[in-house]
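In this note's numbering, the protein residues as written are -16 to 290. Just so you know, even glycine gets a beta-carbon here, dropped at the ideal spot from N, CA and C. Given the structure is predicted, the values throughout are model-derived calculations rather than measurements. Presented below is the structure to which this report refers.
This is the structure:
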């Protein structure tokens, strides 16, 4: 993941986030987190991956949100089934999982509400509670949650017809259960965005998102805001995860090259920022990837805004 740019008088900006692992199509969107110095992942596991089919709608009511111990590879628990777009948020020693509910008769990826469960040991889980319901007949997709200075913030993707699909709406909460939409807190009203992640550092709310390029490629970029209303994008040639067009995301499809680097999420572990993302072609072929930054997340975020 090499990306360089001349900044100032002879100074070179180089992306310090480096790819370190490629795992193939073992799962879909993940959230890494660290509990008791162990690295875990919240994994979205679409059921079709367990069968000889490329149809993502196959047995989708059996889709799961899973917890995995990264070091051992062991499946720790399954907090939710019949849910997708699961997102993990660790606060203190408690892990909260938010995910879209398929309900009983909704079509594939037609989520009308976001449920939340939590656990203090990653084994026993609370009963699901609905925390977000759609408005204006919108559908709900990925979510992301962070802790700000005095409140929790959530963004969720929407297909609200007023804006392009997957525009981000931002909400606030005092308890992670009762959420209020923040007036005018929207990102992506004038362009394609998707695959979000959300963090707070040094007075900024940072959002990672998928950006559509004119040549049909998609790269992961970063934007930031102090108030969730006015946004400052990093320079267009400073992608967090740029596309590597020679990379093969799935060895089972050796002729397919990377066109998309999406759904980047991160955590801090043993002195490094660990980033997971998905490499793929936006047409069903994808693989899980890992990258590392030698430093904490706040340093990584600020890196894309260096003068």
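Coil, strand or helix - residue i by DSSP
i           : result
residue 34  : coil
residue 16  : strand
residue 284 : helix
residue 66  : strand
residue -15 : Annotation note: pLDDT 46 at residue -15 (below 50); position unreliable, coordinate value reported separately. In the structure shown, residue -15 sits in coil (DSSP, three-state: anything other than H, G, I, E or B).
residue -3  : strand
residue 161 : coil
residue 43  : helix
residue 29  : coil
residue 54  : coil
residue 230 : coil
residue 84  : strand
residue 168 : strand
residue 202 : strand
residue 292 : Because residue 292 is not part of the residues shown, which for the chain are -16 to 290, the question remains open.
residue 223 : coil
residue 207 : strand
residue 155 : strand
residue 196 : coil
residue 290 : coil
residue 10  : coil
With 16 other Cβ atoms within 10 Å as the buried cut-off, status of residue i
i           : result
residue 37  : exposed
residue 58  : exposed
residue 209 : exposed
residue 246 : buried
residue 19  : exposed
residue 110 : exposed
residue 9   : exposed
residue 121 : buried
residue 6   : exposed
residue 14  : buried
residue 106 : exposed
residue 69  : buried
residue 173 : exposed
residue 74  : exposed
residue 286 : buried
residue 206 : buried
Residues near residue i by beta carbon distance below 6 Å, same chain, minus five either side
i           : result
residue 177 : 149, 193
residue 135 : 156, 159
Close-in-space but distant-in-sequence residues of the same chain around residue i (CB under 7 Å, 5 per side omitted)
i           : result
residue 3   : 273, 274, 275
residue -6  : none
residue 283 : 0, 256, 276
residue 165 : 153, 154, 155, 211
residue 184 : 280, 281, 284
residue 41  : 30, 31, 34
residue 179 : 125, 127, 138, 140, 151, 190, 191, 192
Spatial neighbours of residue i in its chain, beta-carbon cut-off 8 Å, leaving aside the 5 residues before and after
i           : result
residue -15 : With a pLDDT of 46 at residue -15, under the threshold of 50, the predicted position of this residue should be treated as unreliable, though the coordinate-derived value follows. So the list reads -3, -2, once near-sequence residues are dropped.
**Request:** Flag this pair as touching only if the region 139 to 151 and the region 162 to 170 have three or more C-beta atom pairs under 8 Å; answer yes or no.
**Result:** Yes, they touch.
**Message:** For the pair the region 9 to 26 and the region 47 to 65, tell me if three or more CB-CB distances fall below 8 Å.
**Reply:** Verdict: yes, contact present.
**Message:** Count Cβ pairs between the region 93 to 103 and the region 65 to 85 that sit closer than 8 Å; are there 3 or more?
**Reply:** Touching, yes.
**Message:** Taking contact to mean 3 or more Cβ pairs, one atom from each stretch, closer than 8 Å, check whether the region 234 to 243 and the region 211 to 221 are in contact.
**Reply:** Touching, no.
**Message:** List, from N- to C-terminal side, the alpha helix (DSSP H) runs of 4 residues or more that fit wholly inside the region 88 to 140.
**Reply:** Qualifying alpha helix (DSSP H) stretches: none in this window.
**Item:** beta strand (DSSP E) runs contained entirely in the region 232 to 278, provided each spans 3 or more residues
**Value:** You should have 243 to 252, 255 to 263, 269 to 276.
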